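One structure below.
In the numbering used here, the protein residues as written are 1 to 327.
Structure follows, in structure tokens:
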């Protein structure tokens with residue numbers, strides 16, 4: 001009987017199978033775009049990537065950075081040759097412009113050497129921005145793009161001049177998890193508070209009989225400050241491994257925060273992709289409402305939509321009805 005752990009293992013194994021031919025990290029590698037901001041989902045991705053490299057490289061990255069402190073010379077000094085991996089996520093495009101600006105800078109600084117974009121979701125709202133990315137990829141000459149859904153595959157083929165690789169999210173590489181906190185409420189509503197929230201999501205109150213916490217796991221006021229960046233610089237000067245450990249520990253703390261939020265509910269209702277993925281890893285029954293541009297639905301269509309603990313809703317009004325039925 002498949003209790004869900006087999007599905008998780010299958011998705012992780014498929015991801016590893018797809019990444020392995022793209023570069024050999026055993027002689028050294030770089031992992032770029034650490035999420036130095038408070039968003040549990042991107043930290044889950046980073047930890048899944050570390051799980052992959054811990055297993056397949058057997059060593060920490062020779063160079064790590066955030067979008068704020070990338071330096072081409074420092075990368076070349078730390079890793080004269082070898083693959084460069086860009087962390088996965090849902091920010092490939094122009095909805096979150098600083099991430100795409102960062103990728104363009106990386107491609108400009110690494111022309112000709114293997115750069116692998118780990119699984120992403122693509123969204124460009126402006127054709128001119130997509131054209132700039134297409135030109136940067138062509139100039140680079142050795143860029144591999146991995147994506148998480150079929151719509152991103154189709155878009156990359158049509159507009160970016162690449163043949164992308166369809167792959168699951170890197171967070172599955174962490175494997176199944178157990179909640180570290182007891183269940184204390186009926187459900188946790190993990191609801192977006194940013195520009196990806198769907199305008200027509202229909203926020204309806206759940207049944208009054210249910211004990212509910214409604215929250216989001218990004219904290220807008222928690223941002224890297226000057227002191228954090230100085231510490232990163234000092235850590236890099238002393239030892240890249242100390243910076244890698246700092247990033248690892250920070251991501252683990254974010255994961256613990258997310259596990260505590262979702263673990264305390266018997267069920268979860270969410271419009272966050274990694275609310276869905278973490279619920280799968282925790283084996284929490286949950287209801288999913290899509291984000292503003294179909295990111296979660298596309299991912300579920302490709303990988304996870306048939307899992308019996310997942311319920312789809314077109315908006316939060318329907319989610320409340322489903323929740324009332326399954327609790």
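C-beta: ideal position from N, C-alpha, C; glycine also. From a predicted model like this one, the values you see are computed outputs, not experimental measurements.
Helix, strand or coil for residue 313 per DSSP?
-> The answer is strand: DSSP assigns residue 313 an E or B state.
For the beta strand (DSSP E) holding residue 119, just list the boundary residues, first then last.
-> 115-123
How is residue 291 classed by DSSP in three states: helix, strand or coil?
-> Looking at residue 291 - three-state DSSP - the assignment turns out to be coil, as it is neither helix nor strand.
Take residue 281 and list the residues in its own chain whose beta-carbon comes closer than 7 Å to its own, dropping the five residues that flank it on each side.
-> 8, 174, 176 and 177
Would you kindly work out how many angstroms separate the C-alpha atoms of residue 23 and residue 109, rounded to a whole number?
-> 18 Å
What's the C-alpha gap between residue 42 and residue 64?
-> 15 Å
Three-state secondary structure (DSSP) of residue 129 | helix
Three-state secondary structure (DSSP) of residue 93 | strand
May I ask you to report which of helix, strand or coil DSSP gives residue 172?
-> It is helical.
Are the stretch 179-193 and the stretch 53-73 in contact at 8 Å, needing three or more beta carbon pairs?
-> Contact between the stretch 179-193 and the stretch 53-73 is absent, because fewer than three Cβ pairs lie under 8 Å.
Secondary structure of residue 186, DSSP reduced to three states | strand
Cβ neighbours of residue 138 in the same chain (closer than 7 Å, five flanking residues each side left out) | Counting only Cβ-Cβ distances below 7 Å, and skipping sequence neighbours, we find 161.
Is residue 214 buried or exposed, if buried means 16 or more other CB atoms sit within 10 Å of its CB?
-> exposed
Pairwise C-alpha distance: residue 300 and residue 136 = 30 Å
Quick one, which of 286, 179, 119 and 285 has its alpha-carbon nearest residue 332's?
-> It is not possible to answer for residue 332, since the shown part of the chain is limited to 1 through 327.
Could you say which of 34, 20 and 28 lies nearest to residue 248 if we only look at CA atoms?
-> 34
In whole angstroms, what is the alpha-carbon distance linking residue 77 and residue 271?
-> 42 Å
Contact between the stretch 259-273 and the stretch 54-62 (3+ Cβ pairs under 8 Å) | No, the stretch 259-273 is not in contact with the stretch 54-62.
Under 7 Å, do residue 171 and residue 259 count as touching if we go by C-beta distance?
-> no
Whole-Å CB distance - residue 124 paired with residue 93, under 8 Å assumed | 4 Å
By Cβ distance, which residues of its chain are closer than 8 Å to residue 52, with the 5 residues on each side in sequence left out?
-> Correct list, in chain order: 15, 16, 19, 170 and 173.
Got a sec, what are the start and stop residues for the beta strand (DSSP E) residue 258 sits in?
-> Run containing residue 258: none in the beta strand (DSSP E); it sits in the alpha helix (DSSP H), 240-263.
Would you kindly work out how many angstroms separate the C-alpha atoms of residue 113 and residue 317, rounded to a whole number?
-> 50 Å
Pick from 193, 96 and 183: whose alpha carbon is nearest that of residue 126?
-> Residue 126 has its Cα closest to that of 96, out of 193, 96 and 183.
Would you list, in sequence order, the uninterrupted alpha helix (DSSP H) runs of no fewer than 4 residues that lie entirely inside the stretch 6-87?
-> 40-56 and 72-78
Taking just the CA atoms, how far does residue 256 sit from residue 234?
-> The predicted model places residue 234 with a pLDDT of 48, which falls under 50 and marks its position as unreliable, so this point remains unresolved.
Alpha carbon to alpha carbon, how far is residue 116 from residue 21? Give it in angstroms, no decimals.
-> 11 Å
What's the C-alpha gap between residue 309 and residue 13?
-> Note on geometry: alpha-carbon atoms of residue 309 and residue 13 lie some 21 Å from one another.
If you draw a straight line from the C-alpha of residue 273 to the C-alpha of residue 327, how long is it?
-> 22 Å
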